[in-house]
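Numbering (UniProt numbering), first residue to last: 1 to 726.
Ideal Cβ placement from N, Cα and C applies to all residues, glycine included.
All of these numbers come straight from a predicted model, not from anything done at the bench.
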């Protein structure tokens, strides 16, 4: 600005000094140009200042907005933190409530378990009321881990010494109940008075029964080993064993002996043969208590545990006719002390329970039979007794003669064979029994003897128990002798599994599993579901995950066990469930399998399977795969049942014994099932027609248009048992 003023002053001086008009105008023009340039510069500076101000204003606005944004973020963050804090408070309250509820439930369960275990102990020991209350208070105050240990101890049926050591009560000494207890008494009838199993059940105060090997994993293991030995052509037979058996039974053909002498002579010879073969101390006609009674042979290990016992009969007869005598003798063997007991001051004033398995070998005529004998008492008996009528439906006891039953003695069939007709089968049976006595049984007795100063016993599995991993499970229910439900866990976390035994050969007298193929025709045998069936069913929506959990275990040649999850049956049926069954039928038909036994009771309706209502076809054991040539299609079993109200309405007119099986019969049966649940209208009529014509995709669509009958009009869902009728 100063430079411009100086320049203007200089130009004015030059103008004053100019001598001509033209020079004067020229200088005036320069002055005017300078003024214009200065004005432009000033205008530019003003514009620049304006823009700078705008920029500054914009930055200020931006800072203001940023401050507002940060303030809003801080506000939202605080709200989030406040919400999280509130959520944590709610979660803490929820967890506290759940913990309180869980603690209350655990306390309730603990009290119930305490009552149950005290009841068990009262059945074993002289526990007066005042000490019962003291024990109750001790259990309620006991830490959970210690309480679990207590439960395990009681489940293992502790001795008095064990209880005094672990659970002493002030002023009280744990003492076993006196001999007046029925289970501890010697049988009042001589073995000769309890020949049959029926007589034993009436007179011995214990349930006595013959069961298939699959009812305990140790018996199933022996039966499987018998099958393996029969199938193995590599091992060399023992000619000495067969010669010994032939020599033993020859006594009855010795004309120089009287009739009364022949049978004792046979049993004495068999005792010699068994002693040589088993390498045990086998005693012939071992005395077992009063009435001058004996067992034909009893084999002892080094600690004086009875591990083998048996009976000899000159004439052939089924086990049913002499099994009661064997049971009576086995109960009396409880009066024999073990080595530990014989070297101690323990008084054997009464019979003791034999809580370890015993091999029972009988020689009857030319037949040799083997059983695994198990005694079931206390906790196991409590569970079993609740299912007694289901597991042993044919058990009949004359109430006028029957004693109170406080235990069970079960003979699990291992095998039977004629040593003249099949000596290798007989040797396979005896060899498998010998391996068990020298292996699994010896380890069980040694292990138990080292851990406790009482008689050894089986691990605490329930009974029946097809697998040893069920030691922590409980027997919850039974549907006939071949289907049991086991559970584990507590209250709402309880899990359940169904185990179905496919050991129908076990219902045939004198039949080993390895012989069953020769004695039971393919037509009449029952099989667990084939992999082809489970694979196709496992691909279905909703129901697929159920079938994915099905497992089949092979215990012996003709003994399979199927397991699948137990689900609580639904009280009502939904359309969605019926549609699922249609698609399940379509699935098994797609692999050319005919179910053959579709009934309401063979459909398991579940109100909540993984969050969905579901229904599952079960009981595939009467079904068969169709042949490539229809002329060779399988036929219905010779004992296929169709008579009676629960069956006849669902059987196709051509679904009869010995007639060919057809897919149309399944469609007919499922149509009758649908009629049981759906209202009779045009939609149902179209559905029934589609099912009978095996238009299953159409049937699924039509089913969704149908209406359910009111629950009061449905005659009941039936009981999905998983067990075929005998």
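Distance from the Cα of residue 555 is smallest, within the candidate group 586, 465 and 474, for 465.
Going by beta carbons, residue 643 and residue 667 fall outside the 7 Å limit.
Look at residue 411 here: in three-state DSSP terms it is strand.
Here residue 616 really is in contact with residue 543; their C-beta atoms are around 6 Å apart, less than 8 Å.
In chain order, 274, 299, 300, 301, 307, 308 and 437 place their CB closer than 8 Å to the CB of residue 280, counting only its own chain and leaving out the 5 sequence neighbours on each side. One thing to note: residue 334 has its Cβ no nearer than 7 Å to the Cβ of residue 358.
In terms of CA proximity to residue 587, 696 leads the group 596, 610 and 696. Between the stretch 234 to 253 and the stretch 479 to 498 there are fewer than three inter-stretch CB-CB distances shorter than 8 Å, so the stretches are not counted as touching. Here the stretch 380 to 398 does not lie against the stretch 318 to 337, with fewer than 3 beta-carbon pairs under 8 Å apart. Counting along the chain, no beta strand (DSSP E) covers residue 568, and no H or E run does either. Contact between residue 361 and residue 226 is absent: CB atoms are separated by about 13 Å, not below the 8 Å threshold. Fully contained in the stretch 642 to 703 are the following alpha helix (DSSP H) runs of length 4 or more, in chain order: 663 to 677, 682 to 692 and 696 to 703. Scanning the stretch 415 to 447 from its first residue to its last, the whole alpha helix (DSSP H) runs of 4-plus residues come out as 423 to 436.
For residue 32, the number of other beta carbons within 10 angstroms of its own is below 16, and it is reported as exposed.
Counting every other CB atom within 10 Å of its CB across the protein chains shown gives residue 247 a total below 16, marking it as exposed. Counted as a single uninterrupted DSSP element, the alpha helix (DSSP H) harbouring residue 60 occupies residues 21 to 122.
Residue 678 sits away from residue 702, with the two beta carbons spaced by 7 Å or more. The stretch 420 to 427 and the stretch 209 to 225 do not touch, with fewer than 3 CB-CB distances between them shorter than 8 Å.
Residue range 339 to 342 is occupied by the alpha helix (DSSP H) that includes residue 342. Just measuring C-alpha positions, the residue of 604, 559 and 593 sitting nearest residue 572 is 604. Residue pairing by DSSP puts residue 209 in a beta bridge opposite 410. Note that the C-beta distance between residue 469 and residue 482 is not below 7 Å.
By the Cβ test, the stretch 657 to 672 is not in contact with the stretch 529 to 545, since fewer than three Cβ pairs between them sit closer than 8 Å. With a cut-off of 8 Å on Cβ pairs, the stretch 92 to 108 is not in contact with the stretch 126 to 135, counting fewer than three such pairs.
Counting C-beta pairs with one atom in each stretch, the stretch 617 to 636 and the stretch 522 to 533 have three or more that are closer than 8 Å, which means they touch. The alpha carbon of residue 552 has as its nearest neighbour, out of 585, 101 and 503, the alpha carbon of 503. DSSP places residue 309 within a strand segment (E or B) once states are collapsed to three. Leaving aside the five residues that flank residue 580 on each side, the residues in its chain whose CB is nearer than 7 Å to its CB run, in chain order, 542, 543, 614 and 615. Closest in C-alpha terms to residue 699, from the list 150, 584 and 635, comes 584. Here the C-alpha atom of residue 647 lies approximately 13 Å from the C-alpha atom of residue 670. For residue 337 and residue 305, the gap between their C-alpha atoms comes out near 8 Å. When DSSP states are grouped into helix, strand and coil, residue 547 belongs to the helix group. Per DSSP, residue 586 is one residue of the alpha helix (DSSP H) stretching across 575 to 590. Pairing residue 471 with residue 370 gives a Cβ-Cβ distance that is not under 7 Å.
Going by DSSP, residue 298 is part of the beta strand (DSSP E) stretching over 294 to 300.
DSSP, read as helix, strand or coil, puts residue 496 in strand.
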